[in-house]
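In the UniProt record's numbering, the protein residues as written are 1 to 425.
Here a beta-carbon is modelled for each residue, glycine too, at the ideal position from N, C-alpha and C.
Encoded structure:
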């Protein structure tokens, strides 16, 4: 901002009065000479600098409060519009699925796409790549918006905090970065891992961040300070992903040691160590209440299940309690669903012809979507435990997928360096 000559003169006089009032006589004399202030200074400038300063602080607090209210209003408006859009469609939102062709085919990255994530409030999503950049796109128009640069190696994962004000990124450069998603600047860099950081997730409260690394550890970070407050050890190989459940009482991790671990946040100890997968476990995702309703119905329809996922033993009357459903995808080409209350493998989904890279639940709970190195997206009906639909999504490995929680859009990324936006109907 450029000040007028009069504003500069008043500011200088206010500074001079502040200096003399607080006993900085030598500094006052030097400043008065350099600022070319002649004669005595009117006493109306005494205390003016302090008043301006406190006014700015009060105004800044008011601005912050208004921004928070605006974000809440935007979210409420977005939800209303989304619900109206959903109801206006002929088919139920429960059955919405991505359809070909893709609505947008987005090019711009110069290497494989590693992750895509929708913003919780705005009509944008972010993509991370092995080209070490993060790009921001409008999913409705398909417009490219900007690029965030700061990492010096592959961007491995991205996560928004619940408010959408912070974006976390992690990289093969062993660093985690926190980005202000209003100013689009890096506000913190978290260092502490000794190898590639492959996964990040915010806790539901937003005040802590989880990270997974090739150094075989999981770390819990305090967002406000950037300090590591807890390190979880137990995996014997690269920890690929770590994610908290809906209330933050549990976290789950998956690893190159072929295991999925579930940890209690109350005592920071491992609650379950699932080892039914026969190869590296690439991905995990937690379910919500709607997903549990579908899964319980499937189990009521057919109670044939065992702890290893085979259909050879009956657990009559079994019903899963609480929001503790966890899905895992592996290089063994299978997807398993687990009840983390009991440690039971509920069932095993088989159909992919190559590694399963990422999973996401349909927001309405009826389906699970998977991205795979067989170049497809598969849509699994949880009630019937079968693949309902297969999309030939990319010309190369499909590495990542996300489903918007309110709007009918799915986004995918691939080794072919392309990001695709799919409309659901």
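- Grouping DSSP H, G and I as helix and E and B as strand, with all else coil, what is residue 364? coil
- Task: Identify whether residue 240 lies in helix, strand or coil by the three-state DSSP scheme.
- Result: strand
- Item | Supposed contact pair residue 254 and residue 218 - C-beta distance, whole angstroms, cut 8 Å | Not a contact, Cβ separation roughly 11 Å.
- Query: Can you tell me the Cα-Cα spacing of residue 373 and residue 416, whole angstroms?
  - Reply: 11 Å
- I think residue 139 touches residue 125, with their Cβ atoms under 8 Å apart; what is that distance to the nearest whole Å? 5 Å
- Message: Whole angstroms are fine: how far does the CA of residue 212 sit from the CA of residue 256?
- Response: Straight-line Cα distance between these residues: approximately 12 Å.
- Neighbourhood of residue 48 by C-beta distance below 6 Å, restricted to the same chain and skipping five residues each side: 14
- With 16 other CB atoms within 10 Å as the buried threshold, where does residue 287 fall? Buried is the call here.
- Unbroken alpha helix (DSSP H) run spanning residue 25, endpoints: 25-34
- How is the alpha helix (DSSP H) around residue 41 delimited, first residue to last? Taken as a continuous stretch (DSSP letters only), residue 41 belongs to no alpha helix (DSSP H), as it is neither H nor E.
- Between which two residues does the beta strand (DSSP E) carrying residue 134 extend? 133-138
- Message: Are the CB atoms of residue 28 and residue 19 within a distance shorter than 7 Å?
- Response: Yes.
- Task: List the DSSP bridge partners of residue 188.
- Result: DSSP lists 178 as the beta-bridge partner residues of residue 188.
- Residue burial classification, residue 23 (beta-carbon count within 10 angstroms, cutoff 16): exposed
- Query: Beta carbon of residue 99, beta carbon of residue 425: below 7 Å?
  - Reply: Taking 7 Å as the cut-off, the Cβ atoms of residue 99 and residue 425 count as close.
- Query: Shortest alpha-carbon distance to residue 113 belongs to which of 423, 418 and 422?
  - Reply: 418
- Name the two residues that bound the continuous beta strand (DSSP E) containing residue 348. 344-350
- Message: Within 10 Å of its beta-carbon, does residue 169 have 16 or more other beta-carbons around it, so buried, or fewer, so exposed?
- Response: buried
- Which same chain residues, not among the five before or five after residue 353, have their C-beta less than 6 Å away from its C-beta? Result list for residue 353: 374, in chain order.
- Item | Residue of 202, 282 and 34 minimising C-alpha distance to residue 245 | 202
- Task: Can you say whether residue 393 is buried or exposed, counting buried as having 16 or more other CB atoms within 10 angstroms of its CB?
- Result: buried
- Buried versus exposed call for residue 57 [16 or more other C-beta atoms within 10 Å across all chains shown]: exposed
- Task: Work out the CA separation of residue 347 and residue 310 for me, nearest whole Å.
- Result: Confidence in residue 310 is poor, its pLDDT being 45 and thus under 50, which makes the residue's placement unreliable; the coordinate value appears in the next sentence. If I take the Cα positions, the gap works out to 7 Å.
- Item | Boundaries of the alpha helix (DSSP H) in which residue 111 is found, first to last residue | Note, residue 111: premise wrong, no alpha helix (DSSP H); not H, not E.
- Outcome for residue 44 when other beta-carbon atoms lying within 10 angstroms are tallied against a minimum of 16: exposed
- Under the three-state reduction of DSSP, which class applies to residue 388: helix, strand or coil? strand
- Message: Measuring only the C-alpha atoms, how far is residue 9 from residue 62?
- Response: 29 Å
- Task: May I ask you to list the residues that DSSP assigns as paired with residue 222?
- Result: Per the DSSP secondary-structure output, residue 222 pairs in a beta bridge with 208.
- Using 10 angstroms around the beta-carbon of residue 231, count the other beta-carbons present and answer buried if the total reaches 16, otherwise exposed. exposed
- Task: Take residue 195 and list the residues in its own chain whose beta-carbon comes closer than 6 Å to its own, dropping the five residues that flank it on each side.
- Result: Excluding sequence neighbours, residue 195 sits near 213, 214 and 215.
- Query: Where does residue 67 fall in DSSP's three states?
  - Reply: helix
- Item | Beta-bridge pairing of residue 230 - partner residues as DSSP gives them | 220
- Query: For residue 234 versus residue 282, is the C-beta spacing smaller than 7 Å?
  - Reply: no
- Item | Alpha-carbon to alpha-carbon, residue 403 and residue 363 | Their Cα atoms are separated by approximately 7 Å.
- Task: Can you grab the Cα-Cα spacing for the pair residue 55 / residue 34, in whole Å?
- Result: 28 Å
- Query: Since residue 156 and residue 116 are thought to touch, with beta carbons under 8 Å apart, how far apart are those beta carbons, to the nearest angstrom?
  - Reply: The Cβ separation is near 13 Å, so there is no contact.
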